[in-house]
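Q:
Protein chains in written order, with this note's numbering: chain S, 1 to 644; chain B, 1001 to 1672.
Here's what the structure looks like:
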């Protein structure tokens, strides 16, 4: 990338420079006939989207079509109509990947074998490959042409995610052409730190990392600290299982994060920043690095930001592979090269952060929302969302739901809208859509809690969720159907936090271990009233007394299970029964005499010869021999084997 | 009148806010103790034990150690909720703890035990998650028992923040966390200086001084052996604490009586040897001062400091006084003179030192302090260990009739007594050096300028134009600070006293466990009082010492014999020894050895690739049977790496061409 040579202006004359960049992009894309965008988010890549991209490129070249992969900003503008093919960040609809966008058309589940047909039909003849379109099963199997027709996209409000799937994340000129860095320019050239903070404060933006602390207030506190060195840190150490919002933003729109950081730097008067990216996100690391390099090349970042004579240097650092490093004080310790362990607050990072200097540390999504606020104004930002939680929030929707993927909705949206409209409904254990199979949603990952049927119409925001014992967290949304055992669910998350506890504070280190052991007791059928009592007591103690947010929220899955699914837990303990038949130790498989036809299928499948019975006679299971593998259930065509 | 704007309420009591850093200190000053494991006023705030939780109205439950006191706060320290939480916390610790209290060195002196009792924990409701791990007994000074560790991190911070050593750290995550020496090695194999501060701050028995009592008993009960014991100055002001006495009470007479009752044959005073150290060290100092060489002179009494300097301050080794510590001077003299005096064989004398110190145990077992197959000092017992022997022997300490030291090594001046407090060595040397330099007898003997408890103290003395610039340091991290300032030219001193332990030997890790400045101050006061009570205060006035020099040491003070018996030399321990890795071995026939440094800096500069090229060259040219190649660690030429040693030639910024050229030159020599 060496665009500045093609431009008369440079970033020291920012207004003209950004305008000219945009003009250059328009000029270069003037005769672009069609744009082909292949999703290169992690989900699609895992399904082979990069192979699809290569095949497309090859086929197009072989067929002699005029195609650009990257726009050549330095050389002569190519004459005649051309096609442009590029990769995008995550487009969100991971369930249906690999995704290929051509103009308004969205092809889903594209394989290498589909490439020839796509080129022939769509690129050469302007037709549509119908079989690759998304089918809306809720609407008479209607074929949807593109994002505008697919309910998954229709019902969302995509602000942060909007450019994902549209822009080439590696092209800074394209970002600038879409008003990119204009907000940063305004903040640095036309606003004071105080007015920047004020605007963010008025917008009501709250931290998306989990806590929901008002961002503007955080900045203001840091601005007030007098120090010639201050830092801005972008917390991109996204670690919740099943959460990938931050990754998608970084992969799909990295410049937006950088611009947010620049505005934060202006807001608190900082001249250095770090992006702390999770090690396991190589593509995000690569894209953010490239974006920083390009921004430096363009003279946007560096020692003379927009010709103001003030500097902002940005470094990208890979995380140390620990979940706890997403906790801000642990993250800073890790940045300093120390073991990633949280320290007590106060002092808060605003007073004494990285290397003891005042520091603002914000989550990726929070920072990505900032340019929009500066550009469109706080008032406009507040038009969506709720009074206490304005704006939109991205969620990673997974679990027993038809459409898994990344979604963005305004705060105040209900679970019902998310699960049934965007998510396309709940699927049961057989994989069929069955909306009455809904049991619960685990929201906020291992630190969150569960919501049940009675919360389906609760408008989701920071405060409403906290009031029912859950939290927005980083935004994981795991939908669970009735085949899910809530004790197992709590155990799953407890296992996670127990593994990821840094080991510093006693309550989290030993408490999570004990909670895990107590849940195991329940699952193994060894629970008693005392198990329940001390589980409650440890969970409360850990929640109230732990050092950091990881520990304080670690018991949430347990507490929320006890709160919303107490009868289910009690069934495990007192009736030694797992209502959803998931806890093997509590299962008692039996053969219903009225249904068994004596076909012997189960007996033949049983690996331990625990089933006996004559042909055409009712079979029985020897409980002592049975290892509860469930093969008999699968073998029986008459639904006669139950209880496992 | 209490200024309401500077008060807060704790348990409905109005409490003034002073300079305290946190609520915990405010409460403790007000006489309300809040339990903690990980809080030490000298260390950084860690916030890990979660026992100091208190309820602050409007804020809920917070940790007192990390909450800044604010006027008007309403604090409750023992609500029902907090009581329950503390109980859960203690139970959680116990579920993952050895729980073998009766077999623990810290039995009856353990904070976990005390808190469990205070909080009424009578059962552990949780699952036992304890897994036994091996105990590290590698160190001569300390025993590390991970089975008792509660992961409060006090040792980690003390070692790093106060001593600047940092050999202990956390490894593993979550439930697998443990405190281990660097790279999980044994404590003897890392750069531990044996100061034992970790054991002093450890609230439980995870780090304790090594116990040599059994071995000493065996010697005591061996009729062939004559047991000679020396008692260090700091012991006499602390031992009685183990028997209910006040810290700082001078109990030397009873200690002697107890030692005799245990079965020690001769009971002497290390202070005699300290007087000897004063004259030797002061003489050395005056000489250096006059010549203006190897200044500043660092004292050498503290073995933890010596090891620290040998490891980390190699460039200052020539500046260390070459004097042995009083303990080692005593041992060396005792083993030389006592056989004749007592009419016994040298090998039948067992010298036991009773010290406030754990590092002394390490010091006495260094090969340089071994003569004719015998250690100068055979055993070192800590104050704690002597107290335990007294208990084991069934001696009612408080009822003993005081006795006197045996002569001549029981005779001392106040100079040898104040060695036990930080600043004492400096003051003792001054009492000698000032008279020597001025050439007149001093009337007064006290130099209050060098006393005190600040970490780094400075004092200048102008003696008719000769200026003595002195510095007194305790805590090894502070010693490093001083060394750095000297290197940068920011400070110039003539004499620097370094003691590892807080306030010097009185705060040693072998003393009764009391992590308290007040106790250390009392003990130091006790020593200065003992000095006052003696008739003589200057080492040069110790006529028995001078007589010994005249009669037995050829050359007198600083002379030939003194050098052989009372002085020593130091080794740079910065190198990793014995870790050379053979890469290509030509066996005993090897005509030429090549070693390639693979230390970090050389590695970064490509020594690994170079090593491979050299081995390839040797293989390709059929030299494998002639040339041996080793990978070694640092040769201390990091800025000129990669460093390769070919035969006797050291090549800096080595390239393969230069190495092969030199190799061929050297081989040509071998072949001729």
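Idealized CB from N, CA, C, for every residue including glycine.
Give me the Cα-Cα distance between residue 1026 (chain B) and residue 265 (chain S), rounded to the nearest whole angstrom.
A: If you take the alpha carbons of residue 1026 (chain B) and residue 265 (chain S), they lie about 38 Å apart.
Q: On the criterion of 16 or more Cβ atoms from any shown chain inside 10 Å, does residue 1604 (chain B) qualify as buried, or is it exposed?
A: exposed
Q: Does the beta-carbon distance from residue 1050 (chain B) to residue 1089 (chain B) come in below 8 Å?
A: yes
Q: Among residues of its own chain, excluding the 5 on either side of residue 1119 (chain B), which ones have a beta-carbon nearer than 8 Å to its beta-carbon?
A: These residues qualify, in order along the chain: 1035, 1083, 1086, 1087 and 1090.
Q: Give me the chain B residues within the contact set of residue 513 (chain S), using Cβ-Cβ distance strictly less than 7 Å, ordered along the chain.
A: Residues of chain B whose Cβ lies closer than 7 Å to the Cβ of residue 513 (chain S) are, in chain order, 1129 and 1175.
Q: Taking Cβ to Cβ, would you say residue 1259 (chain B) is nearer than 8 Å to residue 1416 (chain B)?
A: no
Q: I need the DSSP call for residue 1 (chain S), collapsed to helix, strand or coil.
A: At residue 1 (chain S) the pLDDT is 42, less than 50, meaning the model places this residue with poor confidence and gives no usable figure here.
Q: Put residue 1654 (chain B) into one of helix, strand or coil per three-state DSSP.
A: coil
Q: Give me, in chain order, the residues of the same chain whose beta-carbon lies closer than 7 Å to that of residue 539 (chain S); leave out the 5 immediate sequence neighbours on both sides.
A: 515, 555, 558 and 559
Q: Report the three-state DSSP secondary structure of residue 1595 (chain B) (helix, strand or coil).
A: strand
Q: Just the C-alpha distance for residue 392 (chain S) and residue 256 (chain S), rounded to the nearest angstrom, thanks.
A: 16 Å
Q: Starting from residue 1085 (chain B), find everything on chain S with Cβ-Cβ shorter than 7 Å and list it in chain order.
A: Within 7 Å Cβ-Cβ: 541, 544 and 545.
Q: Leaving out five residues before and five after residue 1107 (chain B) in sequence, what residues of the same chain have Cβ atoms less than 7 Å from its Cβ?
A: 1101
Q: Is the region 69-86 of chain S in contact with the region 114-122 of chain S, if contact means three or more CB pairs nearer than 8 Å?
A: Segments in contact, no.
Q: Under 8 Å between beta-carbons, which chain B residues line up against residue 537 (chain S)? List them in chain order, please.
A: Here the neighbours are 1084 and 1088.
Q: Report yes if the CB atom of residue 565 (chain S) is closer than 8 Å to the CB atom of residue 486 (chain S), and no otherwise.
A: yes
Q: Looking at residue 629 (chain S) and residue 561 (chain S), is the spacing between their C-beta atoms short of 8 Å?
A: Going by C-beta atoms, residue 561 (chain S) is not nearer than 8 Å to residue 629 (chain S).
Q: Does the CB of residue 1577 (chain B) have a neighbour CB from chain S at under 8 Å?
A: Reliability fails at residue 1577 (chain B), whose pLDDT of 49 lies under 50, so the model's placement of it is uncertain and the value that follows must be treated cautiously. In terms of beta-carbon proximity, residue 1577 (chain B) stays away from the interface with chain S, with every pair separated by 8 Å or more.
Q: Are the C-beta of residue 1048 (chain B) and some C-beta of chain S separated by less than 8 Å?
A: yes
Q: Under 8 Å: do the region 227-239 of chain S and the region 480-494 of chain S share three or more Cβ pairs, one atom per stretch?
A: Segments in contact, no.
Q: Give a yes or no on whether 8 Å exceeds the smallest Cβ distance from residue 1553 (chain B) to chain S.
A: no
Q: Between the region 496-512 of chain S and the region 322-340 of chain S, are three or more C-beta pairs nearer than 8 Å?
A: yes
Q: Classify residue 240 (chain S) as buried or exposed, calling it buried when 16 or more other Cβ atoms lie within 10 Å of its own Cβ.
A: buried
Q: Once you ignore the five residues that flank residue 1128 (chain B) on each side, which residues in its own chain have a CB closer than 7 Å to its CB?
A: 1095
Q: Within 10 angstroms of the Cβ of residue 26 (chain S), are there 16 or more other Cβ atoms? Answer buried if so, exposed if not.
A: Label assigned to residue 26 (chain S): exposed.
Q: Within 10 angstroms of its Cβ, does residue 1555 (chain B) collect 16 or more other Cβ (buried), or is it exposed?
A: exposed
Q: When burial is assigned at 16 or more other CB atoms within 10 Å of the CB, is residue 411 (chain S) buried or exposed?
A: Around the beta-carbon of residue 411 (chain S), 16 or more other beta-carbon atoms lie within 10 Å, marking it buried.
Q: Taking the alpha-carbon positions, what's the residue 394 (chain S) to residue 331 (chain S) distance?
A: 23 Å
Q: Please compile the residues from chain B whose C-beta is within a distance smaller than 8 Å of the C-beta of residue 517 (chain S).
A: Near residue 517 (chain S) (Cβ distances below 8 Å), the residues of chain B are 1126, 1127 and 1129.
Q: Taking residue 1066 (chain B) as the query, report the chain S residues whose CB atoms sit under 8 Å from its CB, ordered along the chain.
A: Chain S residues near residue 1066 (chain B): 344, 345 and 346.
Q: Please list, in chain order, all residues of the same chain as residue 1463 (chain B) whose beta carbon is under 8 Å from its beta carbon, the five residues on each side excluded.
A: 1434, 1437 and 1438
Q: Under 8 Å between C-beta atoms, does residue 1317 (chain B) make it to chain S?
A: no
Q: Can you grab the Cα-Cα spacing for the pair residue 1467 (chain B) / residue 1271 (chain B), in whole Å?
A: 28 Å
Q: Return the residue from the list B:1113, B:1017 and B:1038 that minimises the CA-CA distance to residue 1075 (chain B).
A: Considering only alpha carbons, the answer is B:1017.
Q: Starting from residue 322 (chain S), find everything on chain B with Cβ-Cβ shorter than 8 Å and list it in chain order.
A: 1173
Q: Assuming residue 1333 (chain B) is part of the alpha helix (DSSP H), what are its boundary residues?
A: 1326-1342
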